[in-house]
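Numbering (UniProt numbering), first residue to last: 1 to 327. We put the beta carbon where it would ideally sit given N, CA and C, even for glycine. Worksheet: one structure, shown below.
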């Protein structure tokens, strides 16, 4: 007697859902609605379908080398990149997946057999996306792109939260510390402007990168040239700490004279000065990136996911000073 062996395609047809949805139910993804998960599980039970654990492991190991590509000018030892890499390593090492840092041009990618790739700090027209499409390399973007697998923190919503914290405290002379071509910088500036305009605040952008030194230089140069503001939102915790250092070196006090909010929630930076910051869930982003990578390796349709953020209150926001009290 021959025993029928049902496939994931059979389950998808019987349940009236996509193959990707069935795969996400099998892998325990929380992105599938509870009602749909129960329905798909009921169909699998009806058919006596049980996914093969060995096959699931094999589908991931087709991409047994996992490359990491950061932006062209990203410092690999920045606190954010260190935490993100550690989160990936904690999940890939037990599976025997090798994690490799690649140069921005991805020149060495052609010499890596069975590779998959995680891309950080993308921007519109990123040549890396074009190259990966040409090579047929499975990839997940930390950012967003309509034709790619992607995962990102809610940069726009988080930046609105940060700016609203300043406007609710009464600040109407606001600075955004950041800028640049990356999606992260653009999304965070967009959220800042949305909240600032809604509150009727005056705004100015001080161009700076994500680093402590970049934040320090931009704020010091602006203040010494006569630019005045009472509230500052920085696109990263690193640049926020640099801004605080610059203000204090010029004899100002945070938050008595200027209030500061950062973004990322990096404990090594936020705790010493009790920085008010938007905290992103780096562990969850790494976990989701690997969930999406499994789908990319399996050839499922591309999709993306935003990971919620939260405002972490510190000691760097207060009501604005009177105009006479600001030097």
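Query, Result
"Go to residue 306, then tell me how far its beta strand (DSSP E) extends in each direction, as first and last residue.", "304–307"
"For residue 262 and residue 158, I'd like the C-alpha separation in whole angstroms.", "10 Å"
"Excluding five sequence neighbours on each side, which residues of the same chain lie with their C-beta closer than 6 Å to the C-beta of residue 169?", "317, 319"
"So, with DSSP's three-state summary, where would you put residue 19?", "helix"
"By Cβ distance, which residues of its chain are closer than 7 Å to residue 121, with the 5 residues on each side in sequence left out?", "70, 71, 74, 182, 184"
"With DSSP as the reference, identify every bridge partner of residue 176, one or two as the case may be.", "205, 233"
"In terms of alpha-carbon separation, which member of 117, 241, 94 lies closest to residue 104?", "117"
"Measuring straight from C-alpha to C-alpha, what distance separates residue 381 and residue 33?", "The question about residue 381 has no answer here: the residues shown for the chain are numbered 1 through 327."
"State the start and end residues of the unbroken alpha helix (DSSP H) segment that holds residue 116.", "Per DSSP, residue 116 belongs to no alpha helix (DSSP H); it is in the beta strand (DSSP E), 115–120."
"Jot down the residue ranges of each uninterrupted alpha helix (DSSP H) in the region 242–300, minimum 4 residues, whole runs only, in chain order.", "267–273, 282–298"
"Relative to the alpha-carbon of residue 198, which residue among 161, 8, 215 has its alpha-carbon at the smallest distance?", "161"
"Taking Cβ positions, are residue 229 and residue 247 nearer each other than 8 Å?", "no"
"Which residues does DSSP pair with residue 94 in a beta bridge?", "Beta-bridge pairing links residue 94 to no other residue."
"Specify the secondary structure class of residue 168 as computed by DSSP and reduced to three states.", "helix"
"Any chance the region 75–93 sits against the region 273–291, with 3 or more Cβ pairs inside 8 Å?", "yes"
"If I'm right that residue 268 touches residue 79 with Cβ under 8 Å, what's the distance once you round it to whole angstroms?", "6 Å"
"Does the region 127–134 come close enough to the region 231–248 to have 3 or more Cβ pairs within less than 8 Å?", "no"
"For the alpha helix (DSSP H) holding residue 130, just list the boundary residues, first then last.", "127–135"
"Around the C-beta of residue 94, are 16 or more other C-beta atoms found within 10 angstroms, so that it is buried, or is it exposed?", "exposed"
"Answer yes or no: do residue 174 and residue 147 have a C-beta to C-beta separation smaller than 8 Å?", "no"
"Based on Cα-Cα distance, which residue from 134, 302, 144 lies nearest to residue 119?", "144"
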